[in-house]
Every structure is written in C-alpha cells, then in structure tokens.
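Respectively, the protein sequence lines represent chains A and B. Every letter in the first sequence is one number past the one before it in UniProt numbering, and letter 28, counting from 1, is 28. Every letter in the second sequence is one number past the one before it in UniProt numbering, and letter 100, counting from 1, is 100. Here a beta-carbon is modelled for each residue, glycine too, at the ideal position from N, C-alpha and C. The structure under discussion appears below in the form of structure tokens.
There are 2 protein chains.
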Amino acid sequence: MMPDLQDLRKEIDAIDNQMTSLFEKRMEIAEQVARFKIENEKPVFDRTRELEKLKSVSQKTHSNFNRCGIQELYQQIMSISRKRQYQLLQEHGISQKSLFTPVDNLEKENVTVVFQGVEGAYSHAAMCRFFGNSIQSYHVDTWKDAMEEIKHGRARYAVLPIENSTAGIVQDNYDLLTAYDHVIVGEQIIPCQHVLAGIPGSTLSDIQHVYSHPQALMQCREFLDSNENWCTHDFSNTAAAAKKVALEKDKTQAAIASPYAAEYFGLSVLKEGIFSNPENSTRFIIVTKDKIYQKAAHKISVSYELPHESGSLYNSLSHFIYNGLNMTKIESRPIANRNWEYRFFVDFEGNLSDSAVKNALCGLSFEVQNLRIHGNY
Amino acid sequence: MMPDLQDLRKEIDAIDNQMTSLFEKRMEIAEQVARFKIENEKPVFDRTRELEKLKSVSQKTHSNFNRCGIQELYQQIMSISRKRQYQLLQEHGISQKSLFTPVDNLEKENVTVVFQGVEGAYSHAAMCRFFGNSIQSYHVDTWKDAMEEIKHGRARYAVLPIENSTAGIVQDNYDLLTAYDHVIVGEQIIPCQHVLAGIPGSTLSDIQHVYSHPQALMQCREFLDSNENWCTHDFSNTAAAAKKVALEKDKTQAAIASPYAAEYFGLSVLKEGIFSNPENSTRFIIVTKDKIYQKAAHKISVSYELPHESGSLYNSLSHFIYNGLNMTKIESRPIANRNWEYRFFVDFEGNLSDSAVKNALCGLSFEVQNLRIHGNY
Chain A
1 MMPDLQDLRK EIDAIDNQMT SLFEKRMEIA EQVARFKIEN EKPVFDRTRE
51 LEKLKSVSQK THSNFNRCGI QELYQQIMSI SRKRQYQLLQ EHGISQKSLF
101 TPVDNLEKEN VTVVFQGVEG AYSHAAMCRF FGNSIQSYHV DTWKDAMEEI
151 KHGRARYAVL PIENSTAGIV QDNYDLLTAY DHVIVGEQII PCQHVLAGIP
201 GSTLSDIQHV YSHPQALMQC REFLDSNENW CTHDFSNTAA AAKKVALEKD
251 KTQAAIASPY AAEYFGLSVL KEGIFSNPEN STRFIIVTKD KIYQKAAHKI
301 SVSYELPHES GSLYNSLSHF IYNGLNMTKI ESRPIANRNW EYRFFVDFEG
351 NLSDSAVKNA LCGLSFEVQN LRIHGNY
Chain B
1 MMPDLQDLRK EIDAIDNQMT SLFEKRMEIA EQVARFKIEN EKPVFDRTRE
51 LEKLKSVSQK THSNFNRCGI QELYQQIMSI SRKRQYQLLQ EHGISQKSLF
101 TPVDNLEKEN VTVVFQGVEG AYSHAAMCRF FGNSIQSYHV DTWKDAMEEI
151 KHGRARYAVL PIENSTAGIV QDNYDLLTAY DHVIVGEQII PCQHVLAGIP
201 GSTLSDIQHV YSHPQALMQC REFLDSNENW CTHDFSNTAA AAKKVALEKD
251 KTQAAIASPY AAEYFGLSVL KEGIFSNPEN STRFIIVTKD KIYQKAAHKI
301 SVSYELPHES GSLYNSLSHF IYNGLNMTKI ESRPIANRNW EYRFFVDFEG
351 NLSDSAVKNA LCGLSFEVQN LRIHGNY
C-alpha cells in the first residue's frame, strides 16, 4: 500500500530533529578544534583533512546519487565550521592587522582635487557637489592621468565615473582600481540630464544650429526631430560645445549639454528634460592615496582572483552571506595575460571595523588569490 | 585540560557516520514522497512546506550562528531531495515541457549566416571557422542589424562577439541578448593577433606608411616605435585598411590587420606577433531564432533580474551550487529605466536535459524575476 504523505513527513521530521541536534554537536566540537588550533597556532583551513573527510563520508553511502549528495552536504558543513572558527580567532584577537586607518571626517577644505574632462563636465559637477567650493582643482585628459596625479602627490583626491545607470560600469576605471594601489573614500551620484542651452536673450525660435557630442545628440534624437529646421553638429564633448556657443555669442546657436555646463559658461537653458531617459544618473568615486576610511562608512568594495575550480565563485561569495553581509554588486574583469580568468569585484554593506567584515575578509583571504580592499566609504 | 585533536576528530567522525546514515534514510523517504507526488500529480517544489521546514529546524538550534547554519544546510538538503525527485519524474516519463528542442547536430550546410563588419574582419573569421565554407553569408553594419536579420528570417544564424580576453565583455551584445528572443547555439574563440601586411613582393624595408584602426596601432605601439621612419595613419577598421593597401598596390604601404584579412585580400604577412598581448582572443556566439540545442551541448547561459532584497544575489546563485553545477561566468547589466537595478547573466556547465539543470532552473524560476534561458551550446 502507498504510504500516506503525512506519515512520510512525520518520518522526515524525526530524522531532521536528529540531524539538527547532530549538527549542533558537531559545531560544538568544531569550536573545541578551533581553540586547539588557536593554542597551537595552526591554520583553520586544512585542505588535506577536508578532502579525506569528503572521501570517507562518500564511501559510506550506497548509491551514486547519495555519494554525490553527501559530498555536497559536507562541503557546506565544513565551510560553516570554518566560518565559526574564524569568528573565534577574531574573538581571541588573532586576526590580520588592517592596513586601513579610520578617520572622523575626510579633509575637504584647501585640498587639491583632480578630475578628468573640462570645467562644466559631469565629473566637474560631481566634484563640486562632493567637496563644495573650498578646494583647488584642475583637470587632466584621461582617467589614468588622474590616477597618476594622486600617485605622485600632485593632487590629494581624484574624481572618476564608475557606473552609469543606463550604460553600466565604466570598465576602464575598474581596471585602474586594480592597476593602482589607491583607495575609494567616497561616492557621488549625479543626474545626467541634458538641456538645450543658448546665449542669454536667445529663444527656441532663434535656434538654427545645435552642437553636442554625437552620443548626446543621439540620446535627444526625439526632441531634435521635432524641430525640422535645426542643423546638428558633432562636437568632441558636451561641455566644449557649451563653451563654443558661449564664446561665439550667436543667437542661432545652441548646445546640448549638462545644466552644470550651461551654468558654468553663463548660458540660458532654453529647454529642459530633452533626454529620453529622465532617470539617467552617473555614480562617481572619490579616490585617494592614503589607506583611510570614515568611521561612518557603510559600503566596502573588494576584488579578488579565483582559482580555476568548480564552485570557487560560489564559495567565495558564501563568506559574505554567512557573516550577514549584504552584497550590492558583483562584477568581473579579465585578468591581464591570463586568458579567460577573472578578477571579481564585490560591493557589500559594512564598515572595516565590524567583526563580521573582518571575519569575512579573513576567510576570503585564505580561499582567493590577490584579495584587494578598494575602500570603505 | 585541552582535549587532544585526535580525540576531537574521532568524535566528529562518529557524528558524521550518524549524519551520513540519516541523510541516506531521508533520501529514501524523499523517494517515497516523490512516488506519492507522481501518483497524485503534485508538483515537486512545495515552497510553503520548504519554508516551514526551514523555520522549524532553525527554531531547534541554540545560537544565532547555528540558526543561520542549519538553514543553509537544509536549503541544500531540500534541493538535493528535489533533484532526486526530478530524476524519478523523468524515469516515469513525466517532466515539465521544455521550450527547447534537442537536435543531433546544427544545420551548417546551405544556410544563410549574417555577421557584423566586413569580409576579412575577425567576426568573418569566426564565422568561417565555425561553419566551414558551404554557407551563404553577408554582412551588416551593426550588431543590432544582425539580430534583426535573423528575427525577420533573412538569415538563419548571426555571429556576434561577446567577450575579449583582454577588454572584457561586449556590453552591447549582452543587452541585445535581452532585447531579442534569440538563442545561442554555439561559440567560437578566435585568436586576435595582428600582423603587418603589405602587397606581395614588398619587404619590411620598403614600408613607409602603416594604416590601421587607432586601437590596433596603439596595441602595436612597441613594434611601430622600433621603426622610426614609418608614418602611421588612422583607418576606420583593420580589414578596411588591408583592403586599401591591396587595392592601391603600393610597396611603401602596409596595414596592421588580422591574418584573416591579410589572406582574404591577398596580402603578404611581413611580420607576425606584433601585438603586445600574444594571448589575446575573442569569443563569438552563434545566435539563431529557433529554440534548439545540440544533444551534446555542455554550457548554458541564463539571465534574470533580482528583487531589491538582502541576500537575493547569493540565494539565486545557491541554486547552481546545490545542484553541483559549475558557474563559469557571472555578469550584470543595468535594467533599462530602473535605476541601479540589474539583470544578472550566469554561464554554467550542463545540458538542458540533465535533471540537476532542470532542478536548478525550476528553483530559480520561483525566486528571481524574468528568468531567461539564452541557450545551451
């Protein structure tokens, strides 16, 4: 006779009670193992012992399916044990020294800040919004130049775009974070809205020529198409287009540029909201050379390389979740000269002084290659 | 007294023996549950029952750490059970209808294939390598055009670059996979090596002018700098530069282009290995409209959107690992008009007919939004 579903579930519940109690006993003994390891300065992660354990439990099963299942289960159980052992190490004050120094506040007065682009560009706007006006600033041609400026101490901070809400991450700047030993100390989101701007006194009906970067012209195509008689002209960047219109003082000319550029070059905004995506924003990071973080910082960016092993990506991520850390972003970039191998970038919520964070980073450092902490901000 | 490590390990071994035997008993009963479900046509995945189980086991633990640990463990145990149940369903000839049809082989003879770029470009080379020479092919200007061609049935397959080993993913083509309901049926890796090519009979000492795409010129900067008297000229793409040199038949001209372009336009290779990264390769995907996969396919690409919830990224990935599926890649792209929300793209090893894959995709479909299977190849 077919057994009743309720009876089967009762049997399962009974097994689960036993398994739960065995699990707790096992964790208790794992704690004693940890104390032994602490006394004897042995490492938490013992790969040989773990492989032996996987072999021995799988040999005790009676089907191919269960052999595979029990191995999966024990990989997880041993990972949980390890995490508890790292917590205990932490409680005993045994942990890697942090290279980062907490500060109350970032110095934002009378510091020198470098940004890529020109005055009036979105990165210029991000800088002004983040630092206010009591700074010295200058601009360079490339993002790499900005990194070099802070490397050589000519600027204290650099402002770089890292992600646009429509276009995605700025891959080059992820690579620069890897290439330079600099630290993210802040971020600033700037709405990227284009406006049509002309010289003061001009009106929409005066306009015959519109100047902008080709991408911006494309993003405002719908608006431009509604004015048949306008002639559009490509320009190297939107701020430069605004500058040209301001310098030439011709009522028939307008630029598509940011409201910041319009204001900076003294132009009048003739039409707002001409970009087809009204929510479009760019996130900028503030980078410096000193390994510091604000005591109130709540977001951490790390990156690491993984060995070519099944499950290594998942196992690395488990260190965040077992420590209750919420990952907000994961990205990968190819590793130079190692075909089809990747460096993973993870953003998660936390502060470098939290024990959960220390715990996760400690565990992670044993399992991944070239772990980097890019900053806490 | 501190207990001996050997004694502790013996205790752990004893616990593990009991746990292994309980695990096997639990799997036995789970099989009976599966038979009951098959008889009564009930679904394998019972979310309510699973959530209740997680709650009840976690209530039996005595620390926050164990509460979290036992939940992780039971998510895994229930996933293993489910996997076994899907296997049994399959043995009874009951399985969910798949939208994908397995085929023995892809049709590669007398089909029409579209690629972006020009003859002699890397995508052209990828197409020839994948399909051989018994096809009709033509090219279009943009990747989107290629997707449109197969959408409207003018071509059976399209060839698109998806990732370069140095530069990373081609973001636009990830977005096109989302925008179109097409399917990846194959991939082809092509080494992206530049050569210096001149007209037949020319030698290195004849050369005075070098034509290529600015990026290629930059990638070969070291080689170019070693020949002081050469004048470099920007060109729209490397294959077009090769074509120009071939057409003008001037011994003083050379192009930096792919070996495929050199061969296609009948040029002589004057110097190989001039690119600073000798390992540089690009991975192309072969896309079609029909939802098919080869029976021997071993790699699956999926994507999904996640709710704004703590741990949702990690939980979604757990479906791959609990089913023993090796993730080989994870990427994210912003979701249009939803600021700072992402669609995640995961590549993993497997075939759509594997029960582990069915289990993972079924579990995933309950936890993520807008799950898409982009192909099995």
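In this structure, Phe265/A lies near Ala242/A, with their beta-carbon atoms less than 7 Å apart.
In terms of CA proximity to Arg82/B, Asn66/A leads the group Ile38/A, Gln76/A, Asn66/A.
Judged by pairs of C-beta atoms under 8 Å, the region 43-55 of chain B does not touch the region 41-51 of chain A, as fewer than three such pairs exist. Within the DSSP bridge table, the entry for Ala158/B names Val114/B, Val287/B as partners. A Cβ-Cβ distance of about 35 Å is found for the pair Ser281/B and Cys362/B, leaving them out of contact under the 8 Å criterion.
Around His62/A, the beta-carbon contacts reaching into chain B at under 9 Å are Glu24. For Tyr293/B, the uninterrupted beta strand (DSSP E) run begins and ends at 292-294, by DSSP. The three-state secondary structure of Ser165/B, taken from DSSP, is coil. The secondary-structure analysis by DSSP pairs Pro102/A across a beta bridge with Tyr293/A.
Chain-ordered, the chain B residues with CB closer than 7 Å to the CB of Met19/A read Met19, Leu22. Between Leu160/A and Ala179/A a beta carbon distance of about 13 Å is seen, past the 8 Å cut, so the two are scored as non-contacting.
Remark: C-beta atoms of Ala297/B and Asn359/B do not approach each other more closely than 7 Å. With the rule of 3 Cβ pairs closer than 8 Å, the region 297-316 of chain B counts as touching the region 340-351 of chain B. Counting along the chain, the unbroken beta strand (DSSP E) around Trp340/A starts and ends at 338-349. Residues of chain A whose Cβ lies closer than 9 Å to the Cβ of Tyr322/B are, in chain order, Glu72, Gln76. A distance of 7 Å or more separates the beta carbons of Thr166/A and Asn339/A.
Relative to the Cα of Gln208/A, the nearest Cα in the group Glu72/A, Arg35/A, Ala254/A, Leu317/A belongs to Ala254/A. Listed along the chain, the chain B residues whose CB falls inside 9 Å of the CB of Phe45/A amount to none; the nearest CB is some 15 Å away.
Nearest to Phe23/B by C-alpha distance, out of Glu24/A, Thr20/A, Lys25/A, is Thr20/A.
When only Cα atoms are considered, Glu367/B and Gln76/B end up about 15 Å apart. By the neighbour-count definition (other C-beta atoms within 10 Å, threshold 16), Asp354/B is a buried residue. Rounded to whole angstroms, the separation of the alpha carbons of Ile38/B and Gly69/B is 32 Å. Distance between Ser205/B and Asn227/B, taken at the CA atoms: about 10 Å.
In terms of CA proximity to Tyr157/B, Thr112/B leads the group Ile321/B, Thr112/B, Glu163/B.
Between the region 120-129 of chain B and the region 259-273 of chain B, the count of C-beta pairs closer than 8 Å reaches three or more; the two stretches touch. When C-beta distances to chain B are compared with 7 Å, the residues of the region 168-181 of chain A below that value are Gly168, Gln171, in chain order.
For the region 347-358 of chain A, the residues whose beta carbon sits under 9 Å from a beta carbon of chain B are, in order, Glu349. For Val287/B and Ile335/A, the gap between their C-alpha atoms comes out near 27 Å. Lys108/A sits in coil when the DSSP states are folded into three classes, being neither helix nor strand. Of all residues in the region 271-296 of chain A, those with a C-beta nearer than 7 Å to a C-beta of chain B are Asn277, Glu279, Ser281, reading in chain order. Ranking Cys128/B, Leu88/B, Gln136/B by CA distance to the CA of Asn110/B puts Gln136/B first. Within the DSSP bridge table, the entry for Lys299/A names Glu349/A as partners.
The contact set of Asp16/A on chain B, defined by CB atoms closer than 9 Å, consists of Leu22, Arg26, Lys53, Ser56, Val57, Lys60, Tyr74, Ile77 in chain order. Annotation for Ile274/B: no alpha helix (DSSP H) segment contains it, and DSSP assigns it neither H nor E.
At a cut-off of 7 Å between C-beta atoms, Val33/B counts as an interface residue with respect to chain A. Contact between Ala126/B and Ile190/B is confirmed by a C-beta separation of about 5 Å, below the 8 Å threshold.
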